[in-house]
Amino acid sequence: MKKLILIITLIFASQIVDAQTINLVQDKSYAVSNGWTKIFENFKKLVVFDDGTAMISHANENHYSLFDENGKFLKDIKIYFEDGKKKPFNLQPVYGKTNGLYFTGNNSQGNIYFFNDNGLIVKELTIDFSAHEMIPMADDKIALSGGTSWTTQWHYFVAILDVNTGKYHIVYSDFEDNTSPKSDYTIYAKTTINHRIDMVKISDDILAIAVPDDGKLLIYNFIENSLIEKKLDWKPKTLSVEEQKKIQTEAIEKYKKEFPYWSNNLDPQKLAEFQQEFVQMLENGMDYITEPLTLSWFTSAIKGDGDNILFFEYAEAAGKNKFHTYSVSQSKTLSQSTFQCADFELSITKNRFVVHNGYVYGVQELKGSKGELRLVRLGME
Numbered sequence: 120m121k122k123l124i125l126i127i128t129l130i131f132a133s134q135i136v137d138a139q140t141i142n143l144v145q146d147k148s149y150a151v152s153n154g155w156t157k158i159f160e161n162f163k164k165l166v167v168f169d170d171g172t173a174m175i176s177h178a179n180e181n182h183y184s185l186f187d188e189n190g191k192f193l194k195d196i197k198i199y200f201e202d203g204k205k206k207p208f209n210l211q212p213v214y215g216k217t218n219g220l221y222f223t224g225n226n227s228q229g230n231i232y233f234f235n236d237n238g239l240i241v242k243e244l245t246i247d248f249s250a251h252e253m254i255p256m257a258d259d260k261i262a263l264s265g266g267t268s269w270t271t272q273w274h275y276f277v278a279i280l281d282v283n284t285g286k287y288h289i290v291y292s293d294f295e296d297n298t299s300p301k302s303d304y305t306i307y308a309k310t311t312i313n314h315r316i317d318m319v320k321i322s323d324d325i326l327a328i329a330v331p332d333d334g335k336l337l338i339y340n341f342i343e344n345s346l347i348e349k350k351l352d353w354k355p356k357t358l359s360v361e362e363q364k365k366i367q368t369e370a371i372e373k374y375k376k377e378f379p380y381w382s383n384n385l386d387p388q389k390l391a392e393f394q395q396e397f398v399q400m401l402e403n404g405m406d407y408i409t410e411p412l413t414l415s416w417f418t419s420a421i422k423g424d425g426d427n428i429l430f431f432e433y434a435e436a437a438g439k440n441k442f443h444t445y446s447v448s449q450s451k452t453l454s455q456s457t458f459q460c461a462d463f464e465l466s467i468t469k470n471r472f473v474v475h476n477g478y479v480y481g482v483q484e485l486k487g488s489k490g491e492l493r494l495v496r497l498g499m500e
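Position in the sequence shown (from 1) plus 119 gives the number in the numbering used here.
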C-alpha cells in the first residue's frame, strides 16, 4: 500500500511540480522462467488486457504469444479459419480484445480478424482505409485512427467501428496539404514533426483524441455522442536556428556513415545513389535554416492511470525522455517527469510500453545484452 501511495504521489500529484525523475524498477516475481530467445524471435507489439494477461504479436508471422497475469508464458497461438481452405492473409498485430475475442489490425486488404483463445477466426470485418491504431471500447465498438490519401490532401481521422454491423462513422477529421512543390533541399528537423492524431482510452465510454499540430484534446463521449474540446496547457518546443543546424549536421554525418551498408545491398547502385542524393539535399538544406522552427505539442500520447494521459515531447538526446502528466478531469498538467531504469534500455512506444494498474508493462532490452528483449513489469519509485 505504501508503494502504491508513493506511485500516485510521484506521477499523479494535484499540482504541477518541477521536472522529476521516476525510477522504473523490475518486479522480479513477474515473467520468470520464460524462454525469451524463442519468444522474441520477431517481436512486433505488446498488448496488456484488462485482466492483466498479455499478448505479444510477431512481425509478419502467424504467431501470437499469450501470457497470464503473472507474466508466465501460456502458449503460442496460430490463427485459422474453421474450414481450413481459406487462409488468413498479411497478418497484423493484435490490438485488443472485444466480446471475448482478440482482434488484429487491418491488413493490406482491409481485413480485421477476430479469434478466440484457440486461434479460431470467429469473425472477419473489412474497412476501406488504413488504421494506425485500434482501441476496444464499450458495446462492441472499436475506435480507429487512420488516414487516406486524397488528390491534394492527406485525410487524418478517427472513426468508430461497430463490430456487430461492420459499419463505421467518423467522429473527427483533419486535413494536411500534400502538394508541396518538389525541392532540392531538406530541413531534417521538419521531417520529425508529428502530424498523426493520437488516441487514448479514458474509460469504456470516453475516448481522448489528441491533435499534435495545434495542441487540441478532444473528449468523445460514446453515451452522449458528444465531442468536447480542450487545449493542452503548455507551449510546444521551438528549435532555434543553431539547434536546427546541429540536428542537420548530425543527420548528415549519420547517413554518410551508412554509405557502405547501402553499397552492399541487393541493389547497391540504386540504393547508394538514393542515399547520396538524400545527403546532398540535407547539405543543401543548411542554407535554408534561417528562422526558429515550432515543433508539435507532443510525439506520443500514452494512457496513464485513471484519466491521466502521458504526453511525450521530443527526446533531446538518445535515452532521455520528458513527458507531461495531464489530467483530463482537471484539464491541466499535474507534473512533468522523465523515466529512467537501471536494468533496461527504455523504448517508450505504444508497442513496447503500457501503463496498467500502477505498473509499467513493457518489452524492453536488457542492458549490456546486445539486443536481448524481455517482457517485464516495472514498479515506479
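Here a beta-carbon is modelled for each residue, glycine too, at the ideal position from N, C-alpha and C. Nothing here was measured: the structure is a model prediction, and the numbers come from that model.
Own chain residues within Cβ distance below 6 Å of residue i, not counting five before or after
i    : result
F472 : G481
A420 : D317, V319, A329, I428 and F430
I289 : F276 and A278
A173 : V167 and F186
K197 : N181 and G238
D293 : Y275
T413 : P355 and T357
I347 : I338
I261 : M253, P255 and L280
N218 : D259
I366 : Y307 and A308
D137 : Confidence is the limiting factor: at D137 the pLDDT is only 48, short of 50, which leaves the residue's position unreliable, though a coordinate-based value still follows. Counting only Cβ-Cβ distances below 6 Å, and skipping sequence neighbours, we find nothing.
A434 : For A434, the predicted model reports a pLDDT of 47, less than 50, meaning its position is unreliable; a value from the coordinates is still stated below. If we look at A434 and ignore the five residues flanking it on each side, its Cβ neighbours are N440.
E491 : L485
E500 : N142 and V144
T140 : T457 and Q459
F248 : G265 and T267
Beta-carbon contacts of residue i that lie in its chain and below 8 Å, excluding the five residues immediately before and after
i    : result
F131 : Interpretation of F131 is limited by its pLDDT of 38, a score under 50 that renders its predicted location unreliable; the figure taken from the coordinates is listed afterwards. Only G423, D424, G425, N427, T444, S446, L453 and S454 meet the Cβ criterion.
Q228 : F208, N209 and T245
L123 : The pLDDT assigned to L123 is 34, lower than 50, so where the model puts this residue is not dependable, and the model offers no usable value.
S488 : none
I342 : D324
Y287 : I246, L263, A278, I279, L280 and D281
Assumed close pair residue i, residue j - CB separation to whole angstroms, cut-off 8 Å
i    : j    : result
F208 : N179 : Not quite, the Cβ-Cβ distance comes to about 11 Å (not below 8 Å), so this is no contact.
K375 : V360 : With 8 Å as the limit, K375 and V360 do not qualify as a contact, their Cβ atoms being about 23 Å apart.
T271 : N297 : 7 Å
M400 : D303 : 6 Å
Y221 : F234 : 6 Å
K441 : T457 : 5 Å
D146 : R496 : 4 Å
W416 : G334 : 4 Å
F273 : G265 : In the sequence on display, residue 273 carries Trp and not Phe. Actually they do not touch by this definition, with Cβ atoms about 11 Å apart.
L351 : L336 : 6 Å
K163 : N470 : 7 Å
I224 : Q211 : According to the sequence shown, residue 224 is Gly rather than Ile. Correct: roughly 4 Å between the Cβ atoms.
Per DSSP, the bridge partner or partners of residue i
i    : result
H288 : I279
M253 : L263
D293 : Y275
E243 : Y232
N142 : Q459
M499 : L143
L193 : DSSP output for L193 lists no bridge partner at all.
F186 : A173 and F192
Y374 : Y374 pairs with nothing; no bridge assigned.
Y478 : H475
L494 : V482
Y445 : I428 and T452
T357 : T413
K489 : Paired residues: none, contrary to the question.
L346 : Y339
S268 : W273
L165 : I175
E464 : E484
beta-carbon residue i near the ligand ZN non-hydrogen atom, thresh 6 Å
i    : result
Q139 : As far as ligands go, the structure on display features none, and thus does not contain the ligand ZN.
Own chain residues within Cβ distance below 7 Å of residue i, not counting five before or after
i    : result
N340 : D324 and I325
I158 : I175, S184 and F192
A437 : Summary for A437: the model assigns pLDDT 43, below 50, so the residue's position carries little reliability, and this model does not support an answer.
I321 : A327, D426 and V447
Q394 : Y374, E377, F378 and W381
I408 : I306, V360, Q363, K364 and Q367
Would you mind listing the alpha helix (DSSP H) stretches within the segment 290 to 344 that are 4+ residues and don't spill past its ends, in chain order?
Listed in chain order, they are 307 to 310.
Could you pull out every unbroken beta strand (DSSP E) segment of at least 3 residues lying fully inside the segment 407 to 443, listed in chain order?
Counting only runs of 3 or more, we get 419 to 422 and 427 to 431.
Could you tell me which uninterrupted beta strand (DSSP E) segments, each at least 3 residues in length, are contained entirely in the segment 200 to 226, listed from first to last along the chain?
Within the segment 200 to 226, the complete beta strand (DSSP E) segments at least 3 residues long are 213 to 217 and 220 to 223, listed from N- to C-terminus.
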